[in-house]
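>
2 protein chains.
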Amino acid sequence: MVKTAEHTVGERAEQAMYSFVDAYDRDYGAAATAFDLTVPQVCVLVRLRQPRTMGSLAVELECDASNITQIVNRLEARGLVSREEDPIDRRSRLLRLTREGLRIVRGFERAFTFARDAVGRLSPRETEELARLLRKARGPG
Amino acid sequence: MVKTAEHTVGERAEQAMYSFVDAYDRDYGAAATAFDLTVPQVCVLVRLRQPRTMGSLAVELECDASNITQIVNRLEARGLVSREEDPIDRRSRLLRLTREGLRIVRGFERAFTFARDAVGRLSPRETEELARLLRKARGPG
DNA sequence: TATTGTTATACTCTATAACTATA
DNA sequence: TATAGTTATAGAGTATAACAATA
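If you read the protein sequences in the order shown, they are chains U and A.
Start counting the first sequence at 1; every next residue gets the next number (this note's numbering).
Start counting the second sequence at 142; every next residue gets the next number (this note's numbering).
1) Just the Cα atoms here: how many angstroms apart are alanine 34(U) and valine 42(U)?
2) According to DSSP, is threonine 8(U) helix, strand or coil?
3) Can you grab the Cα-Cα spacing for the pair alanine 30(U) / alanine 131(U), in whole Å?
4) When the cut-off is 8 Å and only beta carbons count, does proline 124(U) lie next to chain A?
5) Within 10 angstroms of the Cβ of alanine 218(A), are there 16 or more other Cβ atoms? Answer buried if so, exposed if not.
6) Could one say the Cβ of phenylalanine 112(U) lies closer than 8 Å to chain A's Cβ atoms, at least one of them?
7) Using only the alpha-carbon positions, how far apart do aspartate 168(A) and arginine 251(A) sit?
8) Using a threshold of 8 Å, state whether the C-beta atoms of isoleucine 328(A) and valine 185(A) are closer than that.
9) Distance, Cα to Cα, glycine 139(U) vs threonine 38(U)?
10) Which residues in chain A sit within 7 Å of serine 19(U), going by Cβ to Cβ distance?
11) Rounded to whole angstroms, how far is the Cβ of leucine 221(A) from the Cβ of glycine 248(A), which I believe are closer than 8 Å?
12) Whether or not the region 58-68 of chain U and the region 196-209 of chain A are in contact is what I'm after, with contact meaning three or more pairs of Cβ atoms, one per stretch, closer than 8 Å; do they touch?
13) Leucine 95(U) and arginine 83(U) look like a contact to me (Cβ under 8 Å); what is the Cβ gap, rounded to whole Å?
14) Where does threonine 127(U) land, buried or exposed, given buried means 16+ other C-beta within 10 angstroms?
15) Valine 150(A) touches chain U at which residues, Cβ-Cβ below 7 Å?
16) Please state whether DSSP places arginine 78(U) in a helix, a strand or coil.
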């Protein structure tokens with residue numbers, strides 16, 4: 001590994017990754033807070049742009065179904081999400097954004113500017129190259 | 142913005158960022174869980190490789206001091222961190238990793254392989270370029 | 001009087017286990 | 001009997017406010 005003055009190239013790259021991920025996550029959290037939402041609540045809401053069941057949310061978010069129940073309870077109490085019975089399988093609940101829920105999701109997406117800003121700081125060529133390198137660095141999986 | 146078949150370059154780049162950040166965060170969380178630690182606990186422990194006060198931790202982690210108190214209480218109860226009185230300012234507590242705490246931090250750092258693996262998937266030239274683009278994309282701040 | 005840290009309180013997330021109602 | 005979802009419970013993070021000890 002190529003040594004620079006103090007650090008290896010790999011160490012400097014790892015530091016750059018950490019700094020980028022940290023900035024991304026902070027902006028995401030700040031945008032959620034601006035709408036009085038938690039990050040898990042936003043994760044649910046943005047997925048509900050397409051209606052889904054409790055179970056599919058649990059799979060996608062890789063968390064327990066009882067967890068989803070609690071998060072959706074709070075979103076429903078705030079009038080952002082509705083539960084419908086599925087007439088085909090009456091055990092199942094189909095979740096939808098309410099009009100207000102959609103408004104909040106759109107507001108969040110406007111408020112979360114980090115990724116757009118990042119693209120804005122790069123030339124089109126650099127943007128393509130960053131996307132390629134991120135995908136290669138992330139690897140399969 | 143240049144259009145491809147379905148998405149703009151910017152949208153594809155934003156998707157690549159999201160996917161990278163998500164993979165980074167998951168691996169970080171999984172490494173913490175492997176040592177029966179939460180992410181906030183790890184954030185405290187890794188900073189304590191250099192001894193610090195409660196207050197400086199609160200500033201660095203941008204959270205309330207009472208929050209730090211609770212996290213440190215749990216780490217101290219597990220014997221991973223010690224509180225010392227500062228003889229100069231007796232209001233202040235100097236926190237240190239115990240021997241066991243240091244062992245856990247090292248174990249975590251070995252278990253958190255995502256950033257190292259990412260570097261391993263790139264050539265040295267690509268690694269340098271990724272670091273440069275991440276820093277430029279992140280911007281000042 | 002200001003600062004460092006703690007305690008008390010309340011809300012949220014998360015996981016496990018036990019439960020209901022369907023299938 | 002198995003599946004979708006809920007309820008009960010407990011540990012942990014987070015923020016605010018009130019507090020103690022010290023400066």
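Even for Gly, the Cβ is constructed at its ideal location relative to N, Cα and C.
Looking at the atomic coordinates:
1) Start at 1 with the first residue of the first sequence, and residue 34(U) comes out as number 34. Start at 1 with the first residue of the first sequence, and residue 42(U) comes out as number 42. Alanine 34(U) and valine 42(U): Cα-Cα distance of roughly 11 Å.
2) Start at 1 with the first residue of the first sequence, and residue 8(U) comes out as number 8. Three-state result, threonine 8(U): strand.
3) Locating residue 30(U) in the first sequence gives position 30, where the first residue counts as 1. Locating residue 131(U) in the first sequence gives position 131, where the first residue counts as 1. Near 24 Å, if we compare the C-alpha coordinates of alanine 131(U) and alanine 30(U).
4) Stepping through the first sequence from its first residue, residue 124(U) is reached at position 124. Yes, proline 124(U) counts as interfacial toward chain A.
5) Counted from its first residue, the second sequence places residue 218(A) at position 77. Label assigned to alanine 218(A): exposed.
6) Position 112 of the first sequence, counted from the first residue, corresponds to residue 112(U). Nearest CB-CB separation between phenylalanine 112(U) and chain A: not below the 8 Å threshold.
7) Against the second sequence, residue 168(A) aligns to sequence position 27. Against the second sequence, residue 251(A) aligns to sequence position 110. Per the coordinates, the alpha-carbon of aspartate 168(A) lies some 12 Å from the alpha-carbon of arginine 251(A).
8) Since the first and last residues shown for chain A are 142 and 282, residue 328(A) lies out of range.
9) Indexing the first sequence from 1 puts residue 139(U) at position 139. Indexing the first sequence from 1 puts residue 38(U) at position 38. For glycine 139(U) and threonine 38(U), the distance between alpha carbons rounds to 29 Å.
10) Residue mapping note: residue 19(U) aligns to position 19 of the first sequence, counting from 1. Residues of chain A passing the Cβ test: Arg279.
11) Here residue 221(A) refers to the residue found at position 80 when the second sequence is read from its first residue. Here residue 248(A) refers to the residue found at position 107 when the second sequence is read from its first residue. Actually they do not touch by this definition, with Cβ atoms about 11 Å apart.
12) no
13) Mapped onto the first sequence, residue 95(U) falls at position 95. Mapped onto the first sequence, residue 83(U) falls at position 83. About 6 Å separates the two Cβ atoms, so the contact holds.
14) Residue numbering aside, residue 127(U) sits at position 127 when the first sequence is read from its first letter. It counts as buried.
15) Looking up residue 150(A) in the second sequence gives position 9. Chain U residues near valine 150(A): Pro124, Thr127, Glu128.
16) In the first sequence, the residue the question calls residue 78(U) occupies position 78. Correct three-state label for arginine 78(U): coil.
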